[in-house]
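K.L.:
Just dropping this structure here.
Structure follows, in C-alpha cells:
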C-alpha cells in the first residue's frame, strides 16, 4: 500500500469511527429514514456543486448515466435505510460490531467476482483474528430482546448490501471518474430514501434541532462527500477486501475517542485492538504478496 493510500485508509477509519455516534445523535430528533434521506440530499447538492465548479464531466448519454447511477439505490439507499432503521433499536457500539461482519461477505463475493482477490487460508485467518478482536473489545453480555434482534438483523442486512455494492462497483465501474460517479449514485440514493421516507414515516416527527442539524451536516460533508470520495479512490488502488477491513477498525476508533472523553480503557480493549490490527496486517500482507507476484 502506497503512502497516499495508507493516509486515506487511516483517514477513513478515523472519520467513519465517529459517524456511528453522530448518527445516533441525529436519531434523537429525526425519524430514521428521514435522517438518512436529508443527509444524502445535502451531500448530493454539495457534490453537484463541486462537479460544476471543478468542471467534472458526467458520463455521456442517459443509458450510461443510469448504468453508473443505479448502484446508488443499493449502497446509498437500501444499505442506509437498514442501518438507520436498525440503530433506532440498538446502541451505536453494537451496530459497529455487527457491521464489522461486512469483510466476510466481501471476501466471499470477491472470491467469485474479482479474479485477483481469491480467498485463501491466510486471508481467512486474518479475517477471523480481526473479528475476534472486535468481539474481545466489546466483551460483555448482550440481552437478546426483540429490539436487539430487530435492530441487529437490519444492521447485518446492511452489511450484506454494502458488501455486494462494494464488489459490484469494483468489478463493473473500474474506470469511471470518481466524483461524477459518486454524485450520480448519491443523488439516486437520496431520491430513493426520500420516497421511502414519505411512504414509511410521519414528516411531523421531524424536528430540526441544533443536534439534528449538526449531525446531518457532519455526516453529509465528512461521512458522505469526503469519506466516499476517499473510499472509491482507495478502491481503485487496493483490493475490495482490504478496503472493507475499515469496518474492523472503526469500532476501535469509537472506543479510543471515548477514552479521550474520559472513559478508562480496560486490558481487553488493548488486546482486542492488537488482534484487529494483526488481522488487518495479515490480509494486507497477503494481498501485497499477490501484487508482487503479479508484477514479477
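Numbering (this note's numbering), first residue to last: 1 to 296.
The beta carbon of each residue, even a glycine, is placed where N, CA and C say it ideally should be.
As the structure is a prediction and not an experimental result, all values here were calculated from the model.
(1) For residue 210, count neighbouring Cβ atoms within 10 angstroms of its own Cβ and tell me buried if that reaches 16, exposed if not.
(2) Using 8 angstroms as the threshold, is the C-beta distance between residue 76 and residue 158 below it?
(3) For the candidate residues 183, 153, 234, whose alpha-carbon lies nearest to that of residue 8?
(4) Would you give the residue range spanned by the alpha helix (DSSP H) that residue 136 belongs to?
(5) With a Cβ-Cβ cutoff of 8 angstroms, do residue 69 and residue 188 count as a contact?
(6) Can you tell me the Cα-Cα spacing of residue 295 and residue 117, whole angstroms?
(7) Can you tell me which of 285, 124, 15, 80 puts its alpha carbon nearest to the alpha carbon of residue 194?
(8) Rounded to the nearest angstrom, how far is the Cβ of residue 137 from that of residue 272, given a contact under 8 angstroms?
(9) Taking all protein chains shown into account, decide if residue 10 is buried (16 or more other Cβ within 10 angstroms of its Cβ) or exposed.
(10) How many angstroms separate the CA atom of residue 276 from the CA atom of residue 61?
(11) Are residue 59 and residue 201 close, meaning C-beta to C-beta below 8 angstroms?
(12) Three-state secondary structure (DSSP) at residue 103?
(13) Take the Cβ of residue 133 as the centre, count every other Cβ of all protein chains shown within 10 Å, and call the residue buried at 16 or more, exposed below.
(14) Measuring CA to CA, which of 19, 54, 124 is closest to residue 39?
(15) Tell me whether residue 198 is buried or exposed, calling it buried when 16 or more other Cβ atoms sit within 10 Å of its Cβ.
(16) Quick check on the burial criterion: 16 or more other C-beta atoms within 10 angstroms. Buried or exposed for residue 123?
(17) When DSSP labels each residue in this structure, what does residue 251 get in the three-state scheme?
P.N.:
In terms of the structure at hand:
(1) Sequence index remark: in the chain shown, residue 210 carries index 210 (1-based). Exposed, because fewer than 16 other Cβ atoms sit within 10 Å of the Cβ of residue 210.
(2) Locating residue 76 in the chain shown gives position 76, where the first residue counts as 1. Locating residue 158 in the chain shown gives position 158, where the first residue counts as 1. Cβ distance not < 8 angstroms, so residue 76 and residue 158 don't count as in contact.
(3) As a working mapping, residue 8 is identified with position 8 in the chain shown. Comparing Cα positions, the closest option is 234.
(4) The residue labelled residue 136 in the question sits at position 136 within the chain shown. Per DSSP, residue 136 belongs to the alpha helix (DSSP H) from 121-137.
(5) Residue mapping note: residue 69 aligns to position 69 of the chain shown, counting from 1. Residue mapping note: residue 188 aligns to position 188 of the chain shown, counting from 1. It is a contact, given that the beta carbons lie within the stated cut-off.
(6) The residue given as residue 295 occupies position 295 in the chain shown. The residue given as residue 117 occupies position 117 in the chain shown. Its pLDDT being 36, under 50, residue 295 is placed unreliably in this model, and the value from its coordinates should be taken loosely. Distance between the alpha carbons of residue 295 and residue 117 is about 15 angstroms.
(7) Along the chain shown, one-based indexing puts residue 194 at 194. When each option's Cα is compared against that of residue 194, the closest is 80.
(8) As a first step, residue 137 is located in the chain shown; it is residue number 137 there, counting from the start. As a first step, residue 272 is located in the chain shown; it is residue number 272 there, counting from the start. Sure, about 3 angstroms apart at Cβ, within 8 angstroms.
(9) Within the chain shown, residue 10 is the residue found at index 10, counting from 1. The residue in question, residue 10, is exposed, as its Cβ has fewer than 16 Cβ neighbours within 10 Å.
(10) Here residue 276 corresponds to residue number 276 of the chain shown, with the count starting at 1. Here residue 61 corresponds to residue number 61 of the chain shown, with the count starting at 1. Straight-line Cα distance between these residues: approximately 45 angstroms.
(11) Position 59 of the chain shown, counted from the start, is the residue given in the question as residue 59. Position 201 of the chain shown, counted from the start, is the residue given in the question as residue 201. Contact flag unset, no.
(12) Walking along the chain shown from the start, residue 103 turns up at place 103. Residue 103 falls in the helix class under three-state DSSP.
(13) Along the chain shown, read from residue 1 onward, the residue named residue 133 stands at position 133. It counts as buried.
(14) Working through the chain shown from its first residue, we reach residue 39 at position 39. The candidate whose alpha carbon is nearest that of residue 39 is 19.
(15) Looking up residue 198 in the chain shown gives position 198. Exposed, since its Cβ has fewer than 16 Cβ neighbours within 10 Å.
(16) Within the chain shown, the letter at position 123 stands for residue 123. Buried is the call here.
(17) The residue given as residue 251 occupies position 251 in the chain shown. DSSP places residue 251 in helix when its eight states are reduced to three.
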